[in-house]
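When we follow my numbering, the leftmost residue of the first sequence carries the number 938, and every step to the right adds one.
Every residue gets a Cβ at the ideal spot worked out from N, C-alpha and C, and that includes glycine.
Computed from a prediction, not measured in an experiment: that's the story for all the values here.
Here's the structure we're looking at; comments come further down.
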Amino acid sequence: MTLPHPSQVIEQQWFARPAPEVAPDLIGCVLVRQLPNGERLRGIIVETEAYGPDDPACHAYRKRTPRNAVMFGVAGYSYVYLIYGMYHCFNVVTDQDGVASAVLIRALALQDIGSESAALSPKAQARLAAGPGKLCRCLEIDRSLSQVPLMHGQPLWFEHPVREADAEISSLELVQTTRIGLTQGVEIPWRWYLKGSAAVSKL
DNA sequence: AGTGGGATCTGT
DNA sequence: CAGATCCCACTA
């Protein structure tokens, strides 16, 4: 069992910057999910989107509500919401306390996969967390995991990239473009992904 | 109290 | 490209 080296875990303070700075920095980092049954799932982040204040696509654009309240709080907490009645989306709260912003984690290249999915073909495994809804299904994330601190010992946390494991990923080009699935704020180029990764949503 | 739309995904 | 499916924010 590999316990994370303390310096490897990303602290909540790291997220206390504007979302459009955090989102590209998260590409190549690792998301870790500690399941209730003891299994630990890990994946390299290959696609993110930023949402911020003065951003019409942001859930917190209009005002603070019970649903979006956590986005107004301090950085390094989870924001999980239900979309289209059937999927969940997982975000990290960013920026200073009082600034409503977050980064949506859209896709992972899975490293440690759950035992249930181990029998799937490599191709199918690569698509397991390709898209925010599938990612949450794969990592068993729902709204009960909203507003929890993203730190070691919790159900979810982030780690900095490890050099060896990262060799293949780090050769890929980081692309910045517009966000997906929106009706407002369509022109804001706050989506980042690794070009050529099989796990990026909507090729 | 009623309603309409949504940061998605799958199959036709 | 339609359908599944349900919470929540907004209107009255």
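Along the chain, where does the alpha helix (DSSP H) containing residue i start, and where does it finish?
| i | result |
| --- | --- |
| Ala887 | Look at the range of the chain in this structure, 938 to 1140, and you will see that residue 887 is not part of it. |
| Gly1070 | 1069 to 1075 |
| Lys1060 | 1059 to 1063 |
Taking the beta strand (DSSP E) that residue i belongs to, which residues open and close that run?
| i | result |
| --- | --- |
| Glu1105 | Segment: none, Glu1105 is in no beta strand (DSSP E) and carries neither H nor E. |
| Glu958 | Looking at the DSSP string, Glu958 is not in any beta strand (DSSP E); the run it does join, the alpha helix (DSSP H), is 956 to 963. |
| Ala987 | 977 to 988 |
| Gln971 | 967 to 971 |
| Tyr1024 | 1024 to 1030 |
| Val1017 | 1015 to 1020 |
Between the options, which lies nearest to residue i when the distance is taken from Cα to Cα?
| i | options | result |
| --- | --- | --- |
| Pro1086 | Phe1027, Gln1062, Lys1139 | Phe1027 |
| Lys975 | Ser1058, Ile1117, Ser1052 | Here residue 975 turns out to be Gly, not Lys, going by the sequence shown. Minimum Cα distance to Gly975 is reached at Ser1052. |
| Val946 | Gln1062, Pro955, Val1099, Arg1116 | Val1099 |
| Val1112 | Leu1019, Arg1064, Lys1132 | Lys1132 |
| Pro1069 | Thr1114, Ala956, Asp962, Val1029 | Val1029 |
| Ile1078 | Gly1090, Tyr1016, Thr1114 | Tyr1016 |
| Arg1074 | Arg970, Ala1104, Ala960, Glu958 | Arg970 |
| Ala1067 | Val1040, Gly1090, Gly1013, Ala1046 | Ala1046 |
| Ile964 | Glu986, His1089, Glu948 | Glu986 |
| Ser1134 | Tyr988, Ala1044, Thr1002 | Ala1044 |
Whole angstroms is fine: what's the gap from residue i's alpha carbon to residue j's?
| i | j | result |
| --- | --- | --- |
| Lys1000 | Pro1059 | 44 Å |
| Pro993 | Lys1071 | 25 Å |
| Ala997 | Ile1050 | 33 Å |
| Val1036 | Met1008 | 8 Å |
| Ser1107 | Val1137 | 15 Å |
| Val967 | Gln1048 | 9 Å |
| Trp951 | Met1023 | 31 Å |
| Ala1039 | Trp1094 | 15 Å |
Given residue i, which residues of its chain have a CB within under 7 Å of its CB, disregarding the five upstream and five downstream residues?
| i | result |
| --- | --- |
| Gln1033 | Ala953 |
Leaving aside the five residues before and after residue i along the sequence, list all residues of the same chain whose C-beta is less than 8 Å from its C-beta, in chain order.
| i | result |
| --- | --- |
| Gly1122 | Asp992, Pro993, Ala994, Cys995, Arg1116 |
| request: Could you tell me which uninterrupted beta strand (DSSP E) segments, each at least 3 residues in length, are contained entirely in the stretch 1083 to 1139, listed from first to last along the chain? | output: Whole beta strand (DSSP E) segments, 3+ residues: 1093 to 1096, 1110 to 1114, 1128 to 1132.
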